[in-house]
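Novice: In the order they appear, the protein sequences are chains A and B.
Heads up, the first sequence is in the working numbering, so the first residue is 1 and it goes up one at a time.
Heads up, the second sequence is in the working numbering, so the first residue is 274 and it goes up one at a time.
Every residue gets a Cβ at the ideal spot worked out from N, C-alpha and C, and that includes glycine.
2 protein chains.
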Amino acid sequence: MTYCVAMRLDAGLVFLSDSRTNAGVDAISTARKLTVFEDPGDRVTVLLTAGNLAISQSVRQILAEGRDDKRSLWTARDMFEAASVVGDAVRQVYKRDADALRDAGVEFNVSLIFGGQIGTERPRLFQIYAAGNFVEATPENCYFQIGEAKYGKPIIDRVIHPAMPLDEAAKCALISMDSTLKSNISVGLPLDLLVYETDTLRVTRFVNIDERNAYFRMIRDTWGQRLRQVFGEIADPEWDAAAPAEFPLARAGDGDRWGQPVRARRERARGEG
Amino acid sequence: MTYCVAMRLDAGLVFLSDSRTNAGVDAISTARKLTVFEDPGDRVTVLLTAGNLAISQSVRQILAEGRDDKRSLWTARDMFEAASVVGDAVRQVYKRDADALRDAGVEFNVSLIFGGQIGTERPRLFQIYAAGNFVEATPENCYFQIGEAKYGKPIIDRVIHPAMPLDEAAKCALISMDSTLKSNISVGLPLDLLVYETDTLRVTRFVNIDERNAYFRMIRDTWGQRLRQVFGEIADPEWDAAAPAEFPLARAGDGDRWGQPVRARRERARGEG
Numbered sequence: 001m002t003y004c005v006a007m008r009l010d011a012g013l014v015f016l017s018d019s020r021t022n023a024g025v026d027a028i029s030t031a032r033k034l035t036v037f038e039d040p041g042d043r044v045t046v047l048l049t050a051g052n053l054a055i056s057q058s059v060r061q062i063l064a065e066g067r068d069d070k071r072s073l074w075t076a077r078d079m080f081e082a083a084s085v086v087g088d089a090v091r092q093v094y095k096r097d098a099d100a101l102r103d104a105g106v107e108f109n110v111s112l113i114f115g116g117q118i119g120t121e122r123p124r125l126f127q128i129y130a131a132g133n134f135v136e137a138t139p140e141n142c143y144f145q146i147g148e149a150k151y152g153k154p155i156i157d158r159v160i161h162p163a164m165p166l167d168e169a170a171k172c173a174l175i176s177m178d179s180t181l182k183s184n185i186s187v188g189l190p191l192d193l194l195v196y197e198t199d200t201l202r203v204t205r206f207v208n209i210d211e212r213n214a215y216f217r218m219i220r221d222t223w224g225q226r227l228r229q230v231f232g233e234i235a236d237p238e239w240d241a242a243a244p245a246e247f248p249l250a251r252a253g254d255g256d257r258w259g260q261p262v263r264a265r266r267e268r269a270r271g272e273g
Numbered sequence: 274m275t276y277c278v279a280m281r282l283d284a285g286l287v288f289l290s291d292s293r294t295n296a297g298v299d300a301i302s303t304a305r306k307l308t309v310f311e312d313p314g315d316r317v318t319v320l321l322t323a324g325n326l327a328i329s330q331s332v333r334q335i336l337a338e339g340r341d342d343k344r345s346l347w348t349a350r351d352m353f354e355a356a357s358v359v360g361d362a363v364r365q366v367y368k369r370d371a372d373a374l375r376d377a378g379v380e381f382n383v384s385l386i387f388g389g390q391i392g393t394e395r396p397r398l399f400q401i402y403a404a405g406n407f408v409e410a411t412p413e414n415c416y417f418q419i420g421e422a423k424y425g426k427p428i429i430d431r432v433i434h435p436a437m438p439l440d441e442a443a444k445c446a447l448i449s450m451d452s453t454l455k456s457n458i459s460v461g462l463p464l465d466l467l468v469y470e471t472d473t474l475r476v477t478r479f480v481n482i483d484e485r486n487a488y489f490r491m492i493r494d495t496w497g498q499r500l501r502q503v504f505g506e507i508a509d510p511e512w513d514a515a516a517p518a519e520f521p522l523a524r525a526g527d528g529d530r531w532g533q534p535v536r537a538r539r540e541r542a543r544g545e546g
């Protein structure tokens, strides 16, 4: 599996991906899932991929080889057109592979996050589906996740907002990744982190993070430790012995409604019967 | 969907479930997913259910009606046998419904958590699958989740241990639920929380938690707020301008290995070619 997350902030874009790939638990290896298509001074676009690795590698290959095509990431006039180019690449792979995959009982499964900036247009961020269609991030919904997204979603939901500075958002993405790494063995180091600052039109902040990265080690240690501390500081529940609770209890089949709390205990039910 | 979690601690058991059920987003309602089978002084067993509501309600009905059967939750000599009784009930529903569900294109989808204490045996906790088979919680793996489990897993993984006091574990379960509620609209209030203390052999701590519950409101407010505070206290990453990073960059199709970081930028690639 994979976990990738990207955020669109007022100040720019943040992209983070893990690098674990597996075909069953006995076939685990490392694959980069972040690719940069850069023409410094003119455009920076970044692709994150999850799902079937053969499909996502084919998509990247098509996009990279398309440099001399009429419609390509290098010629697209804006990010919407660039996202269409990516969607078309997905559809091209679908045409080529989907029948054979279906015959093999394999789903055509790929999902992508694609973002960047072209010329004077503001930075934009898209999630692209296996059908080649896509949606765009908005101020109300300023991030996308693909792959094993659920573990790392709560922390993002609690802190992110479009006015957040880029490096703080990068920290948020790394904590989200840390929670995912801790709870799911199919997501693994190293990580690729790219932070794009609006109007730079080139990549200035990119890092490949492995076990030796001091900042990520600090995040891993500190976040868990501080979380446990906050957890310890919150009061435990207290039970009011004077107010016995009513709970859904099984009685003999006498028409209980399971959707409702059942008030009688077993003895009472028997006494009634 | 559903989120249920149960924990086996040295001091007893904790069970927590939400109550949202939906068949599509336009058919959302409330269904209790926690059922108690109690014979005070002799046994307390608790069932949590997730998956197809028709299946899980049938399972509960069979278990409740089985009171006079030779093999039932009321006669099982120990928790292992009781878990088998639950597994058998799942298989009975499978026999009755699976063909019709398959014809309708619906998967036979149900998962259960079942735990409790019978007589002098220690409390035990099981996860029961749609095939009626089951696994037991151990000190190394002392909790089970069913339904929308991923959002609330990281916090449990970070704090839980078998020696944790019961009410602290209940707090952990509630925080895990809060994270899930915040990130997934298919999980909803009210909650059923049951805390079982070893050797009481009756239910003494049960509460149905809705929006008005002061403790859960405190959890919701405090946890999010303290999380944001801790987040703010952790340093943002700093970038070393003197050490430009190497990143996976798309070049023309000249044999780049996508699994490796690509060192050249576009210009250099062109210069080389």
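Within 10 angstroms of its Cβ, does A/Asn133 collect 16 or more other Cβ (buried), or is it exposed?
Specialist: Residue mapping note: residue 133 of chain A aligns to position 133 of the first sequence, counting from 1. Classification for A/Asn133: exposed.
Novice: Quick one: complete alpha helix (DSSP H) runs, 4+ long, within the stretch 44 to 82 of chain A?
Specialist: Counting only runs of 4 or more, we get 53 to 65.
Novice: Report, in whole angstroms, the separation of the C-beta atoms of A/Ile62 and A/Ala89, which I expect to be a contact under 8 Å.
Specialist: Along the first sequence, read from residue 1 onward, the residue named residue 62 of chain A stands at position 62. Along the first sequence, read from residue 1 onward, the residue named residue 89 of chain A stands at position 89. With a Cβ gap of about 4 Å, A/Ile62 and A/Ala89 count as contacting.
Novice: Among the candidates A/Leu194, A/Asp178, A/Tyr196, whose CA atom is the shortest distance from the CA of A/Gly188?
Specialist: Walking along the first sequence from the start, residue 188 of chain A turns up at place 188. Comparing Cα positions, the closest option is A/Asp178.
Novice: Helix, strand or coil for A/Arg8? Go by DSSP, reduced to three states.
Specialist: The count along the first sequence starts at 1 and reaches residue 8 of chain A at position 8. Reduced to three states, the DSSP call for A/Arg8 is strand.
Novice: Tell me the start and end of each unbroken alpha helix (DSSP H) in the stretch 144 to 191 of chain A that is at least 4 residues and wholly inside, in chain order.
Specialist: 153 to 159, 166 to 183, all fully within the stretch 144 to 191 of chain A.
Novice: Would you call B/Asp465 buried or exposed, if buried means 16 or more other Cβ atoms sit within 10 Å of its Cβ?
Specialist: Numbered from 1 along the second sequence, position 192 holds the residue referred to as residue 465 of chain B. Flag for B/Asp465 reads buried.
Novice: For the candidate residues B/Thr495, B/Trp512, B/Lys426, B/Pro438, whose alpha-carbon lies nearest to that of A/Ala214?
Specialist: Position 214 of the first sequence, counted from the start, is the residue given in the question as residue 214 of chain A. Ranking B/Thr495, B/Trp512, B/Lys426, B/Pro438 by Cα distance to A/Ala214 puts B/Trp512 first.
Novice: Compare the C-beta of A/Ser72 with all C-beta atoms of chain B and state if any pair is closer than 8 Å.
Specialist: The residue given as residue 72 of chain A occupies position 72 in the first sequence. No, because no Cβ of chain B sits closer than 8 Å to the Cβ of A/Ser72.
Novice: Output needed for B/Arg478: all residues of its chain with C-beta closer than 6 Å, excluding positions within five of it in sequence on either side, in chain order.
Specialist: For the purposes of this step, residue 478 of chain B is identified with residue 205 of the second sequence, where counting begins at 1. Taken in chain order, the residues that qualify are Val468.
Novice: Could you list the residues in the stretch 90 to 121 of chain A with a C-beta less than 8 Å from some C-beta on chain B, going in chain order?
Specialist: Cβ contacts with chain B come from no residue of the stretch 90 to 121 of chain A.
Novice: Grouping DSSP H, G and I as helix and E and B as strand, with all else coil, what is A/Ile219?
Specialist: In the first sequence, residue 219 of chain A corresponds to position 219, counting from 1. A/Ile219: helix per DSSP, three-state reduction.
Novice: Within this structure, are the beta carbons of A/Pro162 and A/Asp42 separated by less than 8 Å?
Specialist: Counting from 1 along the first sequence, the entry for residue 162 of chain A is found at position 162. Counting from 1 along the first sequence, the entry for residue 42 of chain A is found at position 42. Result no, Cβ atoms of A/Pro162 and A/Asp42 do not sit closer than 8 Å.
Novice: Kindly indicate which three-state DSSP category A/Ser17 falls into: helix, strand or coil?
Specialist: One-based indexing of the first sequence puts residue 17 of chain A at position 17. Note: A/Ser17 maps to strand in three-state DSSP.
Novice: Taking all protein chains shown into account, do 16 or more other C-beta atoms lie within 10 angstroms of the C-beta of A/Pro165, making it buried, or fewer, making it exposed?
Specialist: Position 165 of the first sequence, counted from the start, is the residue given in the question as residue 165 of chain A. Per the 10 Å Cβ criterion, exposed.
Novice: What distance in whole Å lies between the Cβ atoms of A/Ala6 and A/Leu48, which are believed to be in contact at a cut-off of 8 Å?
Specialist: Here residue 48 of chain A refers to the residue found at position 48 of the first sequence. Here residue 6 of chain A refers to the residue found at position 6 of the first sequence. So it is a contact: roughly 6 Å between Cβ atoms.
Novice: For A/Cys4 and A/Gly147, which I take to be in contact (beta-carbon distance under 8 Å), what is that distance rounded to the nearest angstrom?
Specialist: For this step, residue 4 of chain A is matched to residue 4 along the first sequence. For this step, residue 147 of chain A is matched to residue 147 along the first sequence. 6 Å between Cβ atoms; contact.
Novice: For the putative contact between B/Ile492 and B/Ile448, defined by C-beta atoms under 8 Å, what is the C-beta separation to the nearest angstrom?
Specialist: Position 219 of the second sequence, counted from the first residue, corresponds to residue 492 of chain B. Position 175 of the second sequence, counted from the first residue, corresponds to residue 448 of chain B. Contact holds; Cβ gap of about 6 Å.
Novice: Which class does A/Leu125 belong to by DSSP, given the choice of helix, strand or coil?
Specialist: Indexing the first sequence from 1 puts residue 125 of chain A at position 125. If DSSP states are grouped into helix, strand and coil, A/Leu125 belongs with the strands.
Novice: Please go through the same chain and pick out, in chain order, the residues whose beta-carbon is closer than 6 Å to the beta-carbon of A/Val110, but skip the five residues on each side of it.
Specialist: Here the question's residue 110 of chain A lines up with position 110 in the first sequence. Contacts found: Gly51, Asn52, Ile55, Ser56, Ala130.
Novice: Taking the DSSP output, what are the residues bridged to A/Phe37?
Specialist: Position 37 of the first sequence, counting from 1, holds the residue named residue 37 of chain A. Answer is A/Thr45.
Novice: Given a cut-off of 8 Å, decide if B/Ile391 and B/Phe417 are closer than it, judged by their beta-carbon atoms.
Specialist: In the second sequence, counting from the first residue as 1, residue 417 of chain B sits at position 144. In the second sequence, counting from the first residue as 1, residue 391 of chain B sits at position 118. Not in contact: B/Phe417 and B/Ile391 (Cβ atoms no closer than 8 Å).
Novice: Would you please verify whether the beta carbon of A/Pro162 is less than 8 Å from any beta carbon of chain B?
Specialist: Counted from its first residue, the first sequence places residue 162 of chain A at position 162. Chain B contact via Cβ: absent.
Novice: For A/Phe126, which residues from the same chain have a beta carbon less than 6 Å from its beta carbon, with the 5 sequence-adjacent residues on both sides left out?
Specialist: Taking the first residue of the first sequence as position 1, residue 126 of chain A is located at position 126. So the list reads Ala83, Phe114, Phe134, Glu136, once near-sequence residues are dropped.
Novice: Just to check my reading of the structure: A/Arg158 and B/Arg499 have Cβ atoms closer than 8 Å, yes? What is that Cβ distance to the nearest angstrom?
Specialist: For this step, residue 158 of chain A is matched to residue 158 along the first sequence. For this step, residue 499 of chain B is matched to residue 226 along the second sequence. In fact, because the Cβ distance is near 10 Å, the residues do not count as touching under 8 Å.
Novice: Quick one: list the residues of chain A neighbouring B/Thr495, beta-carbon separation under 8 Å, in chain order.
Specialist: Numbered from its first residue, the second sequence carries residue 495 of chain B at position 222. Going along chain A in sequence order, the residues near B/Thr495 (Cβ under 8 Å) are Ile234.
Novice: Check whether the Cβ atoms of B/Val480 and B/Val309 sit closer than 8 Å, and answer yes or no.
Specialist: As a first step, residue 480 of chain B must be located in the second sequence, where it is residue number 207. As a first step, residue 309 of chain B must be located in the second sequence, where it is residue number 36. Against a cut-off of 8 Å, the Cβ pair of B/Val309 and B/Val480 comes out as no contact.
Novice: Excluding the five sequence neighbours on either side, which residues of its own chain have a C-beta within less than 6 Å of the C-beta of B/Ile401, listed in chain order?
Specialist: Here residue 401 of chain B is taken as the residue at index 128 of the second sequence, counted from 1. Answer for B/Ile401: Val359, Gly360, Leu385, Phe387, Phe407, listed in chain order.
Novice: Would the beta-carbon of A/Leu290 fall within 8 Å of that of A/Pro40?
Specialist: The structure shown has nothing for residue 290 of chain A, since chain A only spans 1 to 273.
Novice: Please classify B/Arg478: does DSSP put it in a helix, a strand, or coil?
Specialist: Mapped onto the second sequence, residue 478 of chain B falls at position 205. Strand, per DSSP.
Novice: DSSP three-state call for B/Val468: helix, strand or coil?
Specialist: Residue 468 of chain B sits at position 195 when you count from the first residue of the second sequence. In the structure shown, B/Val468 sits in a strand (DSSP, three-state: E or B).
Novice: So which residues of chain B does A/Thr157 contact, with C-beta pairs closer than 8 Å?
Specialist: In the first sequence, residue 157 of chain A corresponds to position 157, counting from 1. This sequence places Asp at residue 157 of chain A; Thr is not what is there. Within chain B, the residues near A/Asp157 are Lys455, Ser456.
Novice: I need the DSSP call for B/Phe387, collapsed to helix, strand or coil.
Specialist: Position 114 of the second sequence, counted from the start, is the residue given in the question as residue 387 of chain B. The answer is strand: DSSP assigns B/Phe387 an E or B state.
Novice: Is there a Cβ from chain A that is less than 8 Å from the Cβ of B/Arg401?
Specialist: Residue mapping note: residue 401 of chain B aligns to position 128 of the second sequence, counting from 1. It should be pointed out that residue 401 of chain B corresponds to Ile in this sequence rather than to Arg. Closer than 8 Å: no.
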